[in-house]
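Novice: The sequence shown maps to residues -24 to -1, 1 to 513 in mature numbering (1 follows the signal peptide of the UniProt record, and there is no 0).
Below: one structure in structure tokens.
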Amino acid sequence: MKASSYTCLIVSIFVLLSISSAASYNPVDFDAFLQCLPKHSDHSVSIAGAILTPNNASFQSTYQLRANNLRILLSATSRPVAIITALHPSHAQAAVICAKRHGFQLRIRSGGHDYEGLSYISDVPFVILDMFNLKSIDIDMKTETAWVQAGATIGELYYSIAKKSKVHGFPSGVCTTVGIGGHFSGGGYGFLMRKYGLSIDNVIDAQLIDANGRILDRKSMGEDVFWAIRGGGTTSFGIILSWRIKLVRVPPRVTVFNVQRTLEQGATELAYRWQQVAPKLPQDLFIRLQPVPINNGGNNKTVRVSFIGHFLGQADGLLRLMNVRFPELGLTRNDCLEMSWVESALNWAGFPNGTSIDVLLNRVQVDRVFYKTKSDYYKAVIPKQGLETLWQVLMDIEDIFVQFNPYGGRMEEISESETAFAHRGGNLFKALYRIQWSESEGGINATGRYVEMSRRLYNAMVPYASSNPREAFFNYRDLDVGSNESGETDFEVAKEYGAKYFRNNLMRLASVKAKIDPENFFKNEQSIPPLPTPPSH
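If you want it as structure tokens, here you go:
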């Protein structure tokens, strides 16, 4: 399996979940909550089968099925009082109305890929609203648009588009089991970002449940809220039911490649050159840089750097372009694979060539590990000395990999205020640092050691990454950049993480929050609080 697949397809281990009871709550309130639900849901689809409490045999398996980080799952100290596996939009509406009325926090889960598990853990009495069953995808090829429900996965979206057209796609992620609800709301990026921007740059409408249980569309929610939910994290503002997206055109054949070089083969010089070239390439070409440490035994360690490319065109055109713009890489015809766009999505996800696209319909990630993820944005080229520092830390840690995703192209053309996603022009690339380990490498008991290693790498890159603030990608959630307690949202604390995630858009986001959810019902450890009302004089 190649390195690009590690994000999604990772070493399988057996999971034994042992979790204590829910945070303390009043049983009378809980009974009232359960009695409230059917009163506020559509009777044509009974909500009874969607309500799971700890007394249900399937409660624990449902809880852990879409909890994808074992570091979070196995360290959680409390569990939800109930899980609402919504079968109808009215079930989600009822969950909002009744949780708010009876004093329970609501955590919303689509695919369960929140890196810090905020969609399925809390330290206060809470209910999980699981959107996984709301997964319809309705494509209209006449208008080249689609309505996609929050519980659908990236893989299901790609599959549905491919079944309708060979010349359409959508700019979204590479991990096929990620839920659309959360993926889009934080931006949604992938290998088409330099050509078409983020997922949210191609969203034209949405359905959102507000804190009063109303279903709003773009018109009824207003342009401010529609702006906020595209990149600002929907769960601060409501519950996303569905997105309306504009499909994008892709050629019948695209070309992918993966050229790998070790330090001994000149990887440092190539990585230095990549930083100068990749953000300025034509929009049709995306080249990710991915270094991973290699231990050949004893002290024989090195770093292998992969240059993973995607070109919206055929190999001959790619080779002509690379020979002019990045000849140092030495790309050859034998490095290139031509395929359809949907096959390239499988390639990015790490599936072997020739795999049936039916694998995109697999909705649950079954291979899970313990992991900690951090992110950075780079606005200047890392000098060779900085790259050598990075290589050394990677070789010292070993259980880690890094991805550099190039910016430029369409990302450079969209202003930082057009949507709530502010990381636009001025960035050369975005970085992902991911450290991961298995049960055999210490499991939950090794968490402290591995998390400290991730911080060591992060600290080593201080001289080269963005600063004031040191920016971070919201969908690579990291509580180290600042967090509140589960049940409260202090505005000063929120400004700390909010500036890193949303830059200059934070105050507008807080203003929108004050309008749509002034009581701050929708909250988590890194949510956006309502903008405080200035004191009157």
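Just so you know, even glycine gets a beta-carbon here, dropped at the ideal spot from N, CA and C.
Keep in mind the model is a prediction, meaning the values are calculated, not measured.
1) On the criterion of 16 or more Cβ atoms from any shown chain inside 10 Å, does M429 qualify as buried, or is it exposed?
2) Does the distance from the C-beta atom of E415 to that of T244 stay below 8 Å?
3) Is the beta carbon of G189 sitting closer than 8 Å to the one on L174?
4) Could you give the uninterrupted runs of the beta strand (DSSP E) lying entirely in the stretch 154 to 205, keeping only those of 3 residues or more?
5) I need the straight-line Cα distance from P505 to A70, nearest angstrom please.
6) Contact defined as beta carbons within less than 8 Å: I believe A247 pairs with V300. What is the distance between those atoms, to the nearest angstrom?
7) Look at the alpha carbon of M387 and the alpha carbon of F397, and state the distance between them as a whole number of angstroms.
8) Taking all protein chains shown into account, decide if D186 is buried (16 or more other Cβ within 10 angstroms of its Cβ) or exposed.
9) Identify the continuous alpha helix (DSSP H) that holds V72 and give its terminal residues.
10) Distance, Cα to Cα, Q250 vs F302?
11) Measuring CB to CB, does residue 540 end up less than 8 Å from L184?
12) Rounded to a whole number of angstroms, what is the C-alpha to C-alpha distance between M371 and P267?
13) From G25 to D18, what does the alpha carbon distance come to, in whole angstroms?
14) Can you give me the Cβ contacts of R425 inside the same chain, cut-off strictly under 8 Å, excluding the 5 residues immediately before and after it?
15) Excluding the five sequence neighbours on either side, which residues of its own chain have a C-beta within less than 7 Å of the C-beta of N271, listed in chain order?
16) First and last residue of the alpha helix (DSSP H) that includes D311?
17) Where P101 and K76 are concerned, what is the direct C-alpha to C-alpha distance, given to the nearest angstrom?
18) What are the uninterrupted segments assigned as beta strand (DSSP E) that are 3 or more residues long and contained completely in the stretch 283 to 356, given in chain order?
19) For the stretch 206 to 292, which segments carrying the beta strand (DSSP E) assignment without a break, of at least 3 residues, lie completely within its bounds, in sequence order?
20) In whole angstroms, what separates the C-alpha of E501 from that of N109?
21) DSSP state of L366, grouped into three classes?
22) Where do the ends of the alpha helix (DSSP H) carrying P382 lie?
23) With 16 other CB atoms within 10 Å as the buried threshold, where does residue 514 fall?
24) With three or more beta-carbon pairs closer than 8 Å as the criterion, would you say the stretch 436 to 443 touches the stretch 454 to 469?
25) Tell me, please, which residues DSSP counts as bridged to F405.
26) Provide the residue span of the alpha helix (DSSP H) that contains residue 515, from first to last.
27) K499 by DSSP, collapsed to three states: which one?
28) Leaving out the 5 sequence neighbours to the left and right, which residues in its chain are closer than 7 Å to P494 when beta-carbon positions are compared?
29) Can you name the residues that DSSP bridges to N121?
30) Quick one: Cα of residue 547 to Cα of V235, how far?
Specialist: According to the data block:
1) For this step, residue 429 is matched to residue 453 along the sequence shown. Buried, by the Cβ-count rule.
2) Taking the first residue of the sequence shown as 1, we reach residue 415 at position 439. Taking the first residue of the sequence shown as 1, we reach residue 244 at position 268. Not a contact, by the Cβ cut-off of 8 Å.
3) Residue numbering aside, residue 189 sits at position 213 when the sequence shown is read from its first letter. Residue numbering aside, residue 174 sits at position 198 when the sequence shown is read from its first letter. In this structure, L174 does not lie closer than 8 Å to G189 by Cβ.
4) 179 to 185
5) What you label residue 505 is simply residue 529 of the sequence shown in a count that begins at 1. What you label residue 70 is simply residue 94 of the sequence shown in a count that begins at 1. Taking the straight line joining both Cα atoms gives about 23 Å.
6) The residue labelled residue 247 in the question sits at position 271 within the sequence shown. The residue labelled residue 300 in the question sits at position 324 within the sequence shown. Not quite, the Cβ-Cβ distance comes to about 20 Å (not below 8 Å), so this is no contact.
7) Locating residue 387 in the sequence shown gives position 411, counting from the first residue. Locating residue 397 in the sequence shown gives position 421, counting from the first residue. Each residue's alpha carbon lies about 11 Å from the other.
8) Locating residue 186 in the sequence shown gives position 210, where the first residue counts as 1. Answer is buried; the Cβ neighbour count reaches 16.
9) Translated into positions along the sequence shown, residue 72 becomes position 96. From DSSP, the alpha helix (DSSP H) with V72 extends over P65 to H78.
10) Along the sequence shown, read from residue 1 onward, the residue named residue 250 stands at position 274. Along the sequence shown, read from residue 1 onward, the residue named residue 302 stands at position 326. Correcting the residue type first, residue 250 is Trp in the shown sequence and not Gln. Rounded to the nearest angstrom, the two C-alpha atoms are 8 Å apart.
11) Residue 540 falls outside the range modelled here, since the chain spans only -24 to 513, and no answer is possible.
12) As a first step, residue 371 is located in the sequence shown; it is residue number 395 there, counting from the start. As a first step, residue 267 is located in the sequence shown; it is residue number 291 there, counting from the start. One C-alpha to the other measures close to 10 Å.
13) Stepping through the sequence shown from its first residue, residue 25 is reached at position 49. Stepping through the sequence shown from its first residue, residue 18 is reached at position 42. Approximately 13 Å between the Cα atoms of the pair.
14) Position 449 of the sequence shown, counted from the start, is the residue given in the question as residue 425. So the list reads G418, once near-sequence residues are dropped.
15) Numbered from 1 along the sequence shown, position 295 holds the residue referred to as residue 271. Closer than 7 Å at Cβ, skipping near neighbours: K277 and E374.
16) As a first step, residue 311 must be located in the sequence shown, where it is residue number 335. That residue, D311, is in no alpha helix (DSSP H); it is neither H nor E in DSSP.
17) Residue mapping note: residue 101 aligns to position 125 of the sequence shown, counting from 1. Residue mapping note: residue 76 aligns to position 100 of the sequence shown, counting from 1. Rounded to whole angstroms, P101 to K76 spans 12 Å at the Cα level.
18) 313 to 315 and 346 to 354
19) 215 to 222, 230 to 238, 261 to 271 and 277 to 287
20) Within the sequence shown, numbered from 1, the residue matching residue 501 stands at position 525. Within the sequence shown, numbered from 1, the residue matching residue 109 stands at position 133. The straight-line gap from Cα to Cα measures roughly 26 Å.
21) As a position in the sequence shown, residue 366 is number 390, starting the count at 1. L366: helix per DSSP, three-state reduction.
22) What you label residue 382 is simply residue 406 of the sequence shown in a count that begins at 1. P382 -> not in any alpha helix (DSSP H); beta strand (DSSP E) instead, spanning I376 to P382.
23) This structure cannot settle anything about residue 514, because the visible part of the chain is limited to -24 through 513.
24) no
25) For the purposes of this step, residue 405 is taken as residue 429 along the sequence shown, with counting starting at 1. F405 is bridged to Y354 and P382.
26) The structure shown does not extend to residue 515, since the chain is modelled only from -24 through 513, so no value can be given for it.
27) On the sequence shown, residue 499 is found 523 positions in, with the first residue counted as 1. In this structure, K499 counts as coil in the three-state DSSP scheme.
28) The residue labelled residue 494 in the question sits at position 518 within the sequence shown. P506, listed in sequence order.
29) Within the sequence shown, the letter at position 145 stands for residue 121. The question names Asn, but residue 121 in the sequence shown is Thr. Bridge partners of T121: D116 and K222.
30) The structure shown has nothing for residue 547, since the chain only spans -24 to 513.
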